[in-house]
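Visitor: First the structure, then my questions, so here it is.
Numbering (the numbering used here), first residue to last: 3 to 149.
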């Protein structure tokens, strides 16, 4: 049973905060006891979510203005039941540095067999493309685990 879901990207200001918000929204009705959080492999610690990410979430009625980036640590990995990354490379990096996380680390795009490109410092259209893939990944995982 998944009680703690961790979502990972690089800076923890673009992709993972959006995925965190989408998962939390989906789970609050059906599985309110599931804790959803995010962190970054190279987090821009204490930075707020990227303005484009905030705008895209706001358009969906979700507020991520409170989000502050945090660095992924061994303790954060240890406490998570499922760790979802944005790419195969991130998954491999975590499994290499933290072998105890193996088996709990998966790609958000696993079921569609895709990675989600980092939209940081890129045009809003790239954020929209990333969000579309994040949304698909969230929906796929939700159906597999809670659907």
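For each residue, glycine too, the CB sits at the ideal point set by N, CA and C.
Excluding five sequence neighbours on each side, which residues of the same chain lie with their C-beta closer than 6 Å to the C-beta of residue 78?
Guide: Taken in chain order, the residues that qualify are 41.
Visitor: Spell out the partners DSSP gives residue 36 in its beta bridges.
Guide: DSSP lists no partner for residue 36.
Visitor: Please work out which residues of its chain come closer than 7 Å, Cβ to Cβ, to residue 23, disregarding the five sequence neighbours upstream and downstream, and give them in chain order.
Guide: Hits under 7 Å: 59, 64 and 66.
Visitor: What number of angstroms, rounded off, separates the C-alpha of residue 116 from the C-alpha of residue 18?
Guide: Whole-angstrom Cα-Cα distance: 16 Å.
Visitor: Does the Cβ-Cβ distance between residue 45 and residue 14 come in under 8 Å?
Guide: Against a cut-off of 8 Å, the Cβ pair of residue 14 and residue 45 comes out as a contact.
Visitor: Nearest to residue 119 by CA position, among 90, 104 and 50, is which residue?
Guide: If we check each option's Cα against that of residue 119, 90 comes out closest.
Visitor: Measuring CB to CB, does residue 16 end up less than 8 Å from residue 57?
Guide: Not closer than 8 Å, so no.
Visitor: Using beta-carbon positions only, say whether residue 128 and residue 8 come within less than 8 Å of one another.
Guide: It is not a contact, given that the beta carbons lie outside the stated cut-off.
Visitor: Less than 8 Å separating the beta-carbons of residue 70 and residue 50?
Guide: It is a contact, given that the beta carbons lie within the stated cut-off.
Visitor: Measuring alpha carbon to alpha carbon, tell me which of 139, 104 and 92 ends up nearest residue 110.
Guide: Nearest option by C-alpha distance: 139.
Visitor: CB-CB under 8 Å to residue 97, same chain, minus the five flanking residues each way: which ones, in chain order?
Guide: Result list for residue 97: 103, 104 and 107, in chain order.
Visitor: So the candidates are 3, 11, 30 and 137; which of them puts its Cα closest to the Cα of residue 92?
Guide: When only C-alpha atoms are compared, the closest one is 11.
Visitor: Going by the beta-carbon positions, is the gap between residue 113 and residue 29 smaller than 8 Å?
Guide: Contact: no.
Visitor: Since residue 83 and residue 5 should fall inside the 8 Å C-beta cutoff, what is the C-beta to C-beta distance between them, to a whole number of angstroms?
Guide: The Cβ separation is near 6 Å, so the contact holds.
Visitor: Per DSSP, residue 75 is paired with what?
Guide: None, per the DSSP bridge assignment.
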